[in-house]
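Participant: Per the working numbering, the very first residue in the sequence shown carries number 50; after that it's consecutive.
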Amino acid sequence: MKEIEVKILNVNKKEIEKKLLALGAEKNFDDNIDAIYYSIPQKKEKKKKTALRLRQKGNIVELTYKHRTKTKCVKICDEYEVKVSDFEEMKKILKSLDYKIKTEIKKHRTSYHINNVHFELDTYPNEPTLLEIEASNIKTIEKYVKLLSYTMKDAKGWSYAEILNYYKCECKKKK
Numbered sequence: 050m051k052e053i054e055v056k057i058l059n060v061n062k063k064e065i066e067k068k069l070l071a072l073g074a075e076k077n078f079d080d081n082i083d084a085i086y087y088s089i090p091q092k093k094e095k096k097k098k099t100a101l102r103l104r105q106k107g108n109i110v111e112l113t114y115k116h117r118t119k120t121k122c123v124k125i126c127d128e129y130e131v132k133v134s135d136f137e138e139m140k141k142i143l144k145s146l147d148y149k150i151k152t153e154i155k156k157h158r159t160s161y162h163i164n165n166v167h168f169e170l171d172t173y174p175n176e177p178t179l180l181e182i183e184a185s186n187i188k189t190i191e192k193y194v195k196l197l198s199y200t201m202k203d204a205k206g207w208s209y210a211e212i213l214n215y216y217k218c219e220c221k222k223k224k
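(1) Residue ranges of each alpha helix (DSSP H) run of no fewer than 4 residues wholly in the stretch 110-161, ordered along the chain?
(2) Are the Cβ atoms of Thr178 and Lys62 separated by less than 8 Å?
(3) Measuring only the C-alpha atoms, how far is Val60 from Glu138?
(4) Let me make sure I understand the geometry here. Which of Tyr87, Ala204, Lys156, Tyr148 has the alpha-carbon closest to that of Asp80?
(5) What residue does the beta strand (DSSP E) around Tyr86 start on, and which one ends it?
(6) If contact is defined by three or more beta carbon pairs under 8 Å, each pair taking one atom from either stretch, is the stretch 65-76 in contact with the stretch 202-213?
(7) So, using beta-carbon positions, are Glu52 and Glu183 closer together than 8 Å?
(8) Excluding sequence positions up to five away, which residues of its chain have a Cβ less than 7 Å from the Cβ of Leu196?
(9) Please name the residue or residues paired with Thr189 in a DSSP beta bridge.
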């Protein structure tokens, strides 16, 4: 499956939710997410832009492999995802296969959807809320970016690591 998405940083959650509801979006998730990203045992992992993630989203546990294929202002990945029954057992399996934990992430996510377009409002500890828009094509993403009063200049095709790096740089600028 192709994952095509953008992130818009520093959004006002209540304002975005109001706009989404006015557009006819339905809320379909509002809970915490725990995710673990693993180092993939290959020499050129960074050059290949890959990620292996184990995630618990409410009662749902997923194991996902992503390979970034294109990035400008939109993040495009080949994504392969399976549901697994037990977060802790899957952690043990990955550990026994010698996968090393690279990053652990906790966040609160509120999700909405309109047709096949997904909107995720993610709030990480000590960081402003961001909006992720995922759709099957760039044109649809551009449409909803505009409907939510943003431009594609506001949209970032960044990974979580790139977002963290951005906030670290912003904090240094303020000092």
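Glycine residues also receive a C-beta, built at the ideal position from the N, C-alpha and C atoms. Remember, predicted model here, so these are calculated numbers, not experimental data.
Facilitator: This is what the structure gives:
(1) 136-145
(2) For this step, residue 178 is matched to residue 129 along the sequence shown. For this step, residue 62 is matched to residue 13 along the sequence shown. It is a contact, given that the beta carbons lie within the stated cut-off.
(3) Taking the sequence shown and counting its residues from 1, one reaches residue 60 at position 11. Taking the sequence shown and counting its residues from 1, one reaches residue 138 at position 89. So the alpha carbons of these two residues sit roughly 36 Å apart.
(4) One-based indexing of the sequence shown puts residue 80 at position 31. For the residues Tyr87, Ala204, Lys156, Tyr148, the minimum Cα distance to Asp80 belongs to Lys156.
(5) Locating residue 86 in the sequence shown gives position 37, counting from the first residue. Per DSSP, Tyr86 belongs to the beta strand (DSSP E) from 75-88.
(6) no
(7) Indexing the sequence shown from 1 puts residue 52 at position 3. Indexing the sequence shown from 1 puts residue 183 at position 134. The answer is yes: Cβ separation under 8 Å.
(8) Translated into the one-based positions of the sequence shown, residue 196 becomes position 147. Once the five neighbours on either side are set aside, the close Cβ partners of Leu196 are Leu72.
(9) Residue 189 sits at position 140 when you count from the first residue of the sequence shown. BP columns for Thr189 are empty, so no partner.
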